[in-house]
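Under the numbering used here, think of the first position of the sequence shown as 1004, with each following residue one higher. A virtual CB, placed ideally from N, CA and C, is assigned to each residue, including glycine. Please read all numbers here as calculations on a predicted model, not as lab measurements. The structure appears right after this line, and notes come after that.
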Amino acid sequence: MMYTKYMVLLMLYFFKAGGKQMSIIYEPKGKALEYSELAVNLFSGCSHECTYCYCPSIRRMTLEKWAKNPHPRKNVLKLLVNDAKKICGDKREILLSFMSDPYHSAEASKYTHDALEIMEKYNLRVQILTKNPQDALKDIEIIKRNNWKIATTAIFFTESKKKEFEKNTPSMDSRFMAMNIFNKNKIKTWVSIEPIIDLEEAMLVINRMKVVDLIKIGRWNYDKRANEINWEYVADQTSSLCRSLNVSYYIKNDLFKYANDKTRLFGQSWKSKNKK
1004 MMYTKYMVLL MLYFFKAGGK QMSIIYEPKG KALEYSELAV NLFSGCSHEC
1054 TYCYCPSIRR MTLEKWAKNP HPRKNVLKLL VNDAKKICGD KREILLSFMS
1104 DPYHSAEASK YTHDALEIME KYNLRVQILT KNPQDALKDI EIIKRNNWKI
1154 ATTAIFFTES KKKEFEKNTP SMDSRFMAMN IFNKNKIKTW VSIEPIIDLE
1204 EAMLVINRMK VVDLIKIGRW NYDKRANEIN WEYVADQTSS LCRSLNVSYY
1254 IKNDLFKYAN DKTRLFGQSW KSKNKK
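Set out below in structure tokens:
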């Protein structure tokens, strides 16, 4: 399983997009494709040091080493310009990012801002996934005028539980408040509740994040403790709560395969009624 994951995500560094040889913009494969048709990783490493992060194993290093010295990839913005020119006006969304949080540090935030300006110049579509949406608020104008999307990962509700698994991430309250601001500014928002580690925590997040346009729900992988969780029950409970709150959701493939008949009746993707 780990070998398959490594080979699939190795495409982050050697790939083509739309038949064109690219250096920074790439087409995700496997599970990542459920999130976005295209993606960009500006940094190698991430200071957040989340214990469930799959990136260190892909790069064959320890979590501590992955988090110790995050740095921008060599000539990343210059290479991004070259790639952006090749796909100018492409309608597929580009996700920032899978391998490192785009706002995990002040340096990363600066690179992300510059990257957004490049992608705006070449009329590209963007969605941002970050555990630090509060810092992303300084980019709210460029996000809003381009009708881009902003998302946050929120798998815990309580701060004490978060600290067990996310050593250096911003507080949950800061994520909730920032997403509220984006939503009030009529910017498309979504939340990733993946990996679900604690069902009770996930249910609390859904209740708190019911203002967003979409919730994406996924199971915990690559940890033997995940085998102790009743994933059929998780899929049923999370999707039922979303429907009761009139919140659109998408259940990722690796969780939906456990869905019972009732969950399948409503489908893997469910849209809220009479919501913006």
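Subject >> Reduced DSSP secondary structure (H/G/I, E/B, other) of residue 1088 >> reply: Against the sequence shown, residue 1088 aligns to sequence position 85. In the structure shown, residue 1088 sits in a helix (DSSP, three-state: H, G or I).
Exercise. Give the DSSP-derived three-state secondary structure of residue 1040 in the structure shown.
Key: Against the sequence shown, residue 1040 aligns to sequence position 37. Looking at residue 1040 - three-state DSSP - the assignment turns out to be coil, as it is neither helix nor strand.
- [ ] Drop a sphere of 10 angstroms on the beta-carbon of residue 1192, count the other beta-carbons inside from all chains shown, and report buried for 16 or more, exposed for fewer.
- [x] Working through the sequence shown from its first residue, we reach residue 1192 at position 189. Buried, since its Cβ has 16 or more Cβ neighbours within 10 Å.
* **Secondary structure of residue 1185, DSSP reduced to three states** => Looking up residue 1185 in the sequence shown gives position 182. Residue state, collapsed to three classes: helix.
Item to check | Proximity to residue 1123 [Cα-Cα], best of 1135, 1132 and 1097 | outcome: As a working mapping, residue 1123 is identified with position 120 in the sequence shown. Among 1135, 1132 and 1097, the Cα nearest to that of residue 1123 belongs to 1097.
Inset, instruction - Return yes when the Cβ of residue 1190 is within less than 8 Å of the Cβ of residue 1153, no when it is not. - result: Translated into positions along the sequence shown, residue 1153 becomes position 150. Translated into positions along the sequence shown, residue 1190 becomes position 187. It is a contact, given that the beta carbons lie within the stated cut-off.
*Cutoff 6 Å; reference residue 1125; Cβ partners in own chain excluding five residues on either side*: Locating residue 1125 in the sequence shown gives position 122, counting from the first residue. Contacts found: 1087 and 1091.
Worksheet item: Counting pairs of Cβ atoms below 8 Å between the segment 1249-1262 and the segment 1039-1052, do you hit three or more?
Response: Contact annotation: the segment 1249-1262 does not touch the segment 1039-1052, with fewer than three C-beta pairs closer than 8 Å.
Please list, in chain order, all residues of the same chain as residue 1185 whose beta carbon is under 6 Å from its beta carbon, the five residues on each side excluded. Taking the first residue of the sequence shown as 1, we reach residue 1185 at position 182. Within the same chain, residue 1185 has close Cβ partners 1153 and 1192.
- Can you tell me the Cβ-Cβ gap for residue 1219 and residue 1197, rounded? I've got them flagged as a contact below 8 Å. As a position in the sequence shown, residue 1219 is number 216, starting the count at 1. As a position in the sequence shown, residue 1197 is number 194, starting the count at 1. Contact holds; Cβ gap of about 7 Å.
Q | Whole beta strand (DSSP E) elements within the segment 1090-1131, 3-residue minimum | A | The beta strand (DSSP E) runs lying completely inside the segment 1090-1131 and spanning 3 residues or more are 1096-1099, given in chain order.
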